[in-house]
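Asker: When you line the sequence shown up against the numbering used here, it's residues 271 to 380, in that order.
For glycine and all other residues, C-beta sits at the position ideal for the given N, C-alpha and C.
Bear in mind the structure is a predicted one, so any value in this text is a computation, not a measurement.
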Amino acid sequence: MDRMTKVEIIMNPEKFEDLKEALNGIGITGMTVTNALGCGLQKGHKEYYRGIEVEINLKQKLKVEIVVCEVPVDQVIETALRILQTGSIGDGKIFTYDVVDAVRIRTGER
271 MDRMTKVEII MNPEKFEDLK EALNGIGITG MTVTNALGCG LQKGHKEYYR
321 GIEVEINLKQ KLKVEIVVCE VPVDQVIETA LRILQTGSIG DGKIFTYDVV
371 DAVRIRTGER
């Protein structure tokens, strides 16, 4: 079995279609996408609800999870950076993890 790596991308939702298209272009067709809330350096912002100021410290994000073994991990990261990087606080983060095993539930294949 080839070495597998999980790439987890926390990102702004507005850029998702561009990222999906770019990843498809390098051979990544499968991914898991989850709506997420989070905060980092930006610390949130203030909004008004019925005239009352409310501190919103969690921003809407997407978490995109991809397990890769045939496409080089560096190529996945470089592609994500090219699409997502604006230089502004809140662009997101990319994490990588080694995957020890994967089992297809339907067949039991490892």
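Under DSSP, the alpha helix (DSSP H) around Asn294 begins and ends at which residues?
Answerer: Residue numbering aside, residue 294 sits at position 24 when the sequence shown is read from its first letter. Start and end: Phe286 to Gly295.
Asker: Which of the three DSSP states is assigned to Gln330 in this structure?
Answerer: Mapped onto the sequence shown, residue 330 falls at position 60. Strand.
Asker: Please check the pair Arg380 and Asp368, which I expect to be a contact at CB under 8 angstroms, by giving their CB distance rounded to whole angstroms.
Answerer: The sequence position of residue 380 within the sequence shown is 110, counting from 1. The sequence position of residue 368 within the sequence shown is 98, counting from 1. Actually they do not touch by this definition, with Cβ atoms about 16 angstroms apart.
Asker: CB-CB under 6 angstroms to Ile279, same chain, minus the five flanking residues each way: which ones, in chain order?
Answerer: Taking the first residue of the sequence shown as 1, we reach residue 279 at position 9. Taken in chain order, the residues that qualify are Val334, Ala350 and Ile364.
Asker: Using only the alpha-carbon positions, how far apart do Glu348 and Ser358 sit?
Answerer: Your numbering for residue 348 matches position 78 in the sequence shown. Your numbering for residue 358 matches position 88 in the sequence shown. C-alpha separation (whole angstroms): 18 angstroms.
Asker: Taking only three categories from DSSP, how would you classify Val343?
Answerer: Locating residue 343 in the sequence shown gives position 73, where the first residue counts as 1. Three-state DSSP puts Val343 in a helix.
Asker: Tell me the DSSP secondary structure of Ile336 in three-state form.
Answerer: Looking up residue 336 in the sequence shown gives position 66. Looking at Ile336 - three-state DSSP - the assignment turns out to be strand.
Asker: Under 8 angstroms Cβ to Cβ from Gly362, same chain only, skipping five residues before and after it: list those, please.
Answerer: As a position in the sequence shown, residue 362 is number 92, starting the count at 1. Answer for Gly362: Ile279, Ile280, Met281, Asn282, Lys331 and Leu354, listed in chain order.
Asker: Taking just the CA atoms, how far does Thr302 sit from Lys285?
Answerer: Working through the sequence shown from its first residue, we reach residue 285 at position 15. Working through the sequence shown from its first residue, we reach residue 302 at position 32. Looking at the two C-alpha atoms, the distance is approximately 16 angstroms.
Asker: So which of Val373, Gly360 and Thr377 has the shortest CA-CA distance to Leu307?
Answerer: Counting from one through the sequence shown, the residue named residue 307 turns up at place 37. Selected option, being the one with the closest Cα: Gly360.
Asker: How is Thr304 classed by DSSP in three states: helix, strand or coil?
Answerer: Locating residue 304 in the sequence shown gives position 34, counting from the first residue. If DSSP states are grouped into helix, strand and coil, Thr304 belongs with the strands.
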